[in-house]
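The numbers in the sequence shown follow the numbering used here, run straight up by one, and end at 256.
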Amino acid sequence: MIQRKMALLAAASGMALMFSTGCSTAVSMGVKMVGKAVDDEEANKMGEALIGQSAPAADAKLGQPEDVLREIGGMRQWRIYPAPMNVLGNQRYVVQVQGGVINAVSKEEVDASGKDLAEKLYYDVKAKGKSPQDAEAALGLGPPMVAAVSRKTGQMVEFYQMPSLTGMGLSGSKLCRLKFDATGHCTSVDIVDVGASTGSSSGL
C-alpha cells in the first residue's frame, strides 16, 4: 500500500498541472463522492450559504461529518454529512474543502437503481479481493483519476473513468469507485455520477 500511495502521489502531481488551467463557475462538473447527484433548491441554497466559508461553517450548519476523505497527493478534502430532513436517510451533503476554504457543495443520493445494482454486481465479482493493479486489469481500467483516504475507516478510495459495457445501457458520465482495505485488497466497487455541483470545479 505504501508503494501504491507513492505512485498516486506522483500521478497527482501531473494531474495538478493538467487541472491548474481550469475555470471556476457557479455550477460546474464534479465527481460525486457518494452516489447520484440530487438537484434541488435546498442543495443550491446550501451551496450559496457555504461557498467561500471555512470548514467549521459546514459543521455548524450540518453537524459533525460522518466521514472525511483526504486526497492523496493533493490538498482537497471531502466532508460527508447526512442530509437534514431526509426521512429515508439515503442522502448526503458532500462539501469540498481546499486550502481551508469550501469551494464546492453537492447533495447526493446513496441508494442505487436496479440497473446500477446490476452494474455494481458485475464489477464486484470481477474486482473484489484483488490488489489495485489486478483490479484495474480485471475491469479494464486506466490509472485512477483521484485517490483519497477515509478518516473514518482508513480505507483507500480510488476513482476511475468507467469503461463502456456493451448491452448494459449506460448513459451519462459515470465513474467507478473502488475501495481498498489496509492490506491493499478491493472490498467494494460502486458507480458514482459526474454531475453539476454548486461551487468551483472538483478538478475531475
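Glycine included, C-beta positions come from ideal geometry on N, C-alpha and C.
Keep in mind that this is a model prediction, so the values were computed, not measured.
Cβ-based burial, residue i [other Cβ within 10 Å; buried from 16]
i           : result
residue 196 : buried
residue 238 : buried
residue 100 : exposed
residue 106 : exposed
residue 126 : buried
residue 245 : buried
residue 114 : buried
residue 234 : exposed
residue 169 : exposed
residue 89  : buried
residue 112 : exposed
Same chain only: Cβ atoms within 7 Å of residue i, ignoring 5 sequence neighbours per side
i           : result
residue 242 : 172, 229
residue 183 : 236, 237
residue 178 : 190, 191
residue 145 : 98, 114, 133, 135, 157, 159
residue 175 : 191, 228, 241
Candidates the options: closest to residue i by CA position
i           : options            : result
residue 92  : 159, 226, 138      : 159
residue 202 : 143, 97, 132       : 132
residue 139 : 123, 161, 148, 156 : 161
residue 214 : 95, 194, 137, 102  : 194
residue 104 : 156, 86, 227       : 156
residue 198 : 154, 231, 143      : 231
residue 94  : 123, 124, 137      : 137
residue 187 : 240, 142, 149      : 240
residue 142 : 86, 152, 111       : 86
residue 152 : 109, 209, 210, 211 : 109
residue 148 : 181, 185, 200      : 200
residue 210 : 122, 102, 96       : 122
Same chain, Cβ closer than 8 Å to residue i, neighbours up to 5 away in sequence not counted
i           : result
residue 120 : 129, 130, 131, 132, 202, 203, 204
residue 226 : 214, 243, 244, 245, 246
Cβ shell of residue i (< 6 Å), same chain only, five flanking positions each side left out
i           : result
residue 117 : 131, 132, 133
Residue-chain proximity (residue i, chain D), Cβ-Cβ < 9 Å
i           : result
residue 146 : As a matter of chain content, chain D is missing from the structure shown, which is built from one protein chain.
Original post:
What are the complete beta strand (DSSP E) segments, minimum 3 residues, inside the region 177 to 214?
Top reply: 198 to 202, 208 to 213
- Ignoring anything shorter than 3 residues or poking outside the region 80 to 151, list the beta strand (DSSP E) runs there in chain order. 119 to 123, 128 to 134, 143 to 150
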